[in-house]
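*Asks:*
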Amino acid sequence: MNSTRFLILGLSTLLLALFSFSSCDSDSVEPEFTYELTEEDDHGLAYMLEEEKLARDVYISMYQMYDLMVFDNISNSEQGHMDAILELMKKYDIPDNSLPEIGKFSIEYLQQLYDDLIVAGSESELAALIVGATIEDVDIKDLNEFKAATTNSDIIEVYDLLTCGSRNHMRAFIKQLDNAGEEYTPQFITQEEFDEIINGDKEMCGQNPVSN
171 MNSTRFLILG
181 LSTLLLALFS
191 FSSCDSDSVE
201 PEFTYELTEE
211 DDHGLAYMLE
221 EEKLARDVYI
231 SMYQMYDLMV
241 FDNISNSEQG
251 HMDAILELMK
261 KYDIPDNSLP
271 EIGKFSIEYL
281 QQLYDDLIVA
291 GSESELAALI
301 VGATIEDVDI
311 KDLNEFKAAT
321 TNSDIIEVYD
331 LLTCGSRNHM
341 RAFIKQLDNA
351 GEEYTPQFIT
361 QEEFDEIING
371 DKEMCGQNPV
381 SN
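Sequential numbering of the sequence shown, starting at 171, is according to this note's numbering.
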């Protein structure tokens, strides 16, 4: 149990250090919806594409290690998240600089994060589930911040769908951890947000395939 606590602390420190690269200032944005794209919108879509790829690739690797269906199911859902972002990027002629290979990223700090998460998840099945919950934790925070920084209706709709899917993913990982007698403490979203997610039922997310 103590080693698990150290793992959570280590992941928290790592992600907090890397998270500063993706954070954005959302305080000054007014909720007037538009179809205009800003430089921050471009950055947000490109970044979230690679972050969703990171989630997919980590889960693919964890499934290969432990043969736990939760990783296979959610990795497929993460591909749906990527497809939704790619569709928007194509619509707005935003270049896709992501790399096709599993575990390879064009953003240096996401590459480092992937490598470190693979090492952490390789310790045990329990560690891998903690990695999964941590990824969804930071994913929800990033999506919320990028959503708050845009007024583009298309982007807001996609981010809402992806956030809904990530809430379902978090529920799935926390259920597995609960079954193993392990408690997860949120590191990026608030405890209140976390409790609301975990105490809620699985969402249909508009019955969109990215929400599975």
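Cβ coordinates follow ideal geometry from the N, Cα and C atoms, glycine included.
Check N322 in the structure and name its three-state DSSP category.
*Replies:* Within the sequence shown, residue 322 is the residue found at index 152, counting from 1. Three-state result, N322: strand.
*Asks:* Thinking I255 and L296 are a contact (beta carbons under 8 Å), I'd like their distance in whole angstroms, please.
*Replies:* Taking the first residue of the sequence shown as 1, we reach residue 255 at position 85. Taking the first residue of the sequence shown as 1, we reach residue 296 at position 126. No, I255 and L296 are not in contact; Cβ-Cβ is about 31 Å, not under 8 Å.
*Asks:* Between S292 and Q282, what straight-line distance do the alpha-carbon atoms span, to the nearest angstrom?
*Replies:* Here residue 292 corresponds to residue number 122 of the sequence shown, with the count starting at 1. Here residue 282 corresponds to residue number 112 of the sequence shown, with the count starting at 1. Their Cα atoms are separated by approximately 16 Å.
*Asks:* Got a sec, what are the start and stop residues for the alpha helix (DSSP H) G214 sits in?
*Replies:* The residue given as residue 214 occupies position 44 in the sequence shown. Per DSSP, G214 belongs to the alpha helix (DSSP H) from E209 to Y236.
*Asks:* Quick one: grab the DSSP three-state call for T304.
*Replies:* Working through the sequence shown from its first residue, we reach residue 304 at position 134. Here T304 sits in helix by DSSP.
*Asks:* Restricting to Cα atoms, I'd like to know which of P356, I325 and T355 is closest to E206.
*Replies:* For this step, residue 206 is matched to residue 36 along the sequence shown. Looking at the Cα atoms, I325 is the closest of the given residues.
*Asks:* Indicate whether L258 and V301 have their beta-carbon atoms separated by less than 8 Å.
*Replies:* On the sequence shown, position 88 is the one that residue 258 refers to. On the sequence shown, position 131 is the one that residue 301 refers to. No.
*Asks:* Counting C-beta neighbours from all protein chains within 10 Å, is the total for K261 16 or more, i.e. buried, or is it exposed?
*Replies:* Within the sequence shown, the letter at position 91 stands for residue 261. By the neighbour-count rule (16 or more Cβ atoms within 10 Å), K261 is not buried but exposed.
*Asks:* Between which two residues does the alpha helix (DSSP H) holding F241 run?
*Replies:* Looking up residue 241 in the sequence shown gives position 71. M239 to K261 is the extent of the alpha helix (DSSP H) around F241.
*Asks:* Would you kindly work out how many angstroms separate the C-alpha atoms of D118 and E221, rounded to a whole number?
*Replies:* With the chain running from 171 to 382 in the structure shown, residue 118 is simply not present.
*Asks:* Rounded to a whole number of angstroms, what is the C-alpha to C-alpha distance between P356 and V289?
*Replies:* As a first step, residue 356 must be located in the sequence shown, where it is residue number 186. As a first step, residue 289 must be located in the sequence shown, where it is residue number 119. Straight-line Cα distance between these residues: approximately 21 Å.
*Asks:* Which one of L332, A298 and N322 has the shortest CA to CA distance from Q346?
*Replies:* Taking the first residue of the sequence shown as position 1, residue 346 is located at position 176. Of L332, A298 and N322, the residue nearest in Cα terms is A298.
*Asks:* Could you tell me whether the Cβ atoms of N338 and E373 are closer together than 8 Å?
*Replies:* The sequence position of residue 338 within the sequence shown is 168, counting from 1. The sequence position of residue 373 within the sequence shown is 203, counting from 1. Contact: yes.
*Asks:* Grab me the residues of I367's own chain with a C-beta within less than 7 Å of its C-beta, minus the 5 sequence neighbours each way, in chain order.
*Replies:* Taking the first residue of the sequence shown as 1, we reach residue 367 at position 197. Answer for I367: R337, M340 and R341, listed in chain order.
*Asks:* In angstroms, rounded to a whole number, what distance separates the CA positions of P265 and H213?
*Replies:* One-based indexing of the sequence shown puts residue 265 at position 95. One-based indexing of the sequence shown puts residue 213 at position 43. Using only the alpha carbons, I get a separation of about 11 Å.
*Asks:* Once you ignore the five residues that flank M232 on each side, which residues in its own chain have a CB closer than 6 Å to its CB?
*Replies:* Numbered from 1 along the sequence shown, position 62 holds the residue referred to as residue 232. Cβ within range, chain order: F241, G291 and A298.
*Asks:* How would you write the range of the alpha helix (DSSP H) that D371 sits in, first residue to last?
*Replies:* Numbered from its first residue, the sequence shown carries residue 371 at position 201. Unbroken run through D371: none, as it is neither H nor E.
*Asks:* Can you check which of these residues, C334, L224, E353 and F358, is closest to D285 by C-alpha distance?
*Replies:* Against the sequence shown, residue 285 aligns to sequence position 115. Among C334, L224, E353 and F358, the Cα nearest to that of D285 belongs to L224.
*Asks:* Helix, strand or coil for A388, going by three-state DSSP, please let me know.
*Replies:* Nothing can be reported for residue 388, as the shown portion of the chain is limited to 171 through 382.
*Asks:* What residue range does the alpha helix (DSSP H) around I288 cover?
*Replies:* The count along the sequence shown starts at 1 and reaches residue 288 at position 118. E278 to G291 is the span of the alpha helix (DSSP H), which, as asked, contains I288.
*Asks:* Near S245, which residues of its chain fall below 6 Å by C-beta distance, leaving aside the five closest residues on each side in sequence?
*Replies:* As a working mapping, residue 245 is identified with position 75 in the sequence shown. For S245, where only same-chain residues beyond five positions count, the Cβ hits under 6 Å are R226, Y229 and I230.
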